[in-house]
Amino acid sequence: MRDILKTEELDIPEGVTVEIKSRVIKVTGPRGSLSKAVRHVDMDIRVVKAGKDKSKVTLAVWQGGRKHVACLRTIRSLINNMVIGVTKGFQYKMRAVYAHFPVNCIIQEQGRALEIRNFLGEKTVRHVQMLDGVTIAESKAQKDELILEGNDIENVSQSGEVLPL
Numbered sequence: 000m001r002d003i004l005k006t007e008e009l010d011i012p013e014g015v016t017v018e019i020k021s022r023v024i025k026v027t028g029p030r031g032s033l034s035k036a037v038r039h040v041d042m043d044i045r046v047v048k049a050g051k052d053k054s055k056v057t058l059a060v061w062q063g064g065r066k067h068v069a070c071l072r073t074i075r076s077l078i079n080n081m082v083i084g085v086t087k088g089f090q091y092k093m094r095a096v097y098a099h100f101p102v103n104c105i106i107q108e109q110g111r112a113l114e115i116r117n118f119l120g121e122k123t124v125r126h127v128q129m130l131d132g133v134t135i136a137e138s139k140a141q142k143d144e145l146i147l148e149g150n151d152i153e154n155v156s157q158s159g160e161v162l163p164l
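Heads up, the sequence shown is in numbering that gives the first Met the number 0, so the first residue is 0 and it goes up one at a time.
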């Protein structure tokens, strides 16, 4: 059954600006700016002023089926993650775990790349490049812990995923 109109709203905090033009969302905040194209989803996305300093993003789907309406919450979460990214940022912590062969992780290029030596006793050296906007550092508090930081949750999580640890 189709719904005539389904809407979602998202409050935008102070210090963050959201611009939407032809379903390309650009979020700017104190840590930088992020943009994402959601042209493949057919919905109305608007920035509405809700006061003198407040603003909201409204998302609406007209005549949507079940899966089409489900995209509302997905796009709302995506914009919310962009807002959190430009205000606080994202941080992933990973540990190099080994039983017999100690894994050596060497950070290179000012945190833009990682070199992994002695992985499972291999002689080959593995080089992993971080994605755009992601930096990697060693933890001061925990041995063999790597900290990945960045504004875009997709790039931070993808950079953590490609590490063979």
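Quick reminder that beta carbons are idealized off the backbone N, C-alpha and C, glycines included.
Only a predicted model underlies this, so the values are computations on that prediction, with no experimental measurement involved.
As for any beta strand (DSSP E) of minimum length 3 sitting wholly inside the stretch 110-146, the runs are 112-116, 125-128 and 134-137, ordered along the chain. Of Y91, F118 and Q90, the smallest CA-CA separation from Y97 is found for F118.
Exclusion of the five residues before and after G110 leaves M129, T134, I135 and A136 as the residues of its chain whose Cβ lies within less than 8 angstroms of its Cβ. Secondary structure of R30 (DSSP, three-state): coil. When the five nearest sequence neighbours on each side are left out, the beta carbons in the same chain lying within less than 6 angstroms of the beta carbon of R94 are those of D143 and E144, in order along the chain. At a Cβ-Cβ threshold of 8 angstroms, V161 and Y91 do not count as neighbours. Between the alpha carbons of K51 and I115 lies a distance of about 52 angstroms.
The Cβ atoms of K48 and I11 lie no closer than 8 angstroms to each other.
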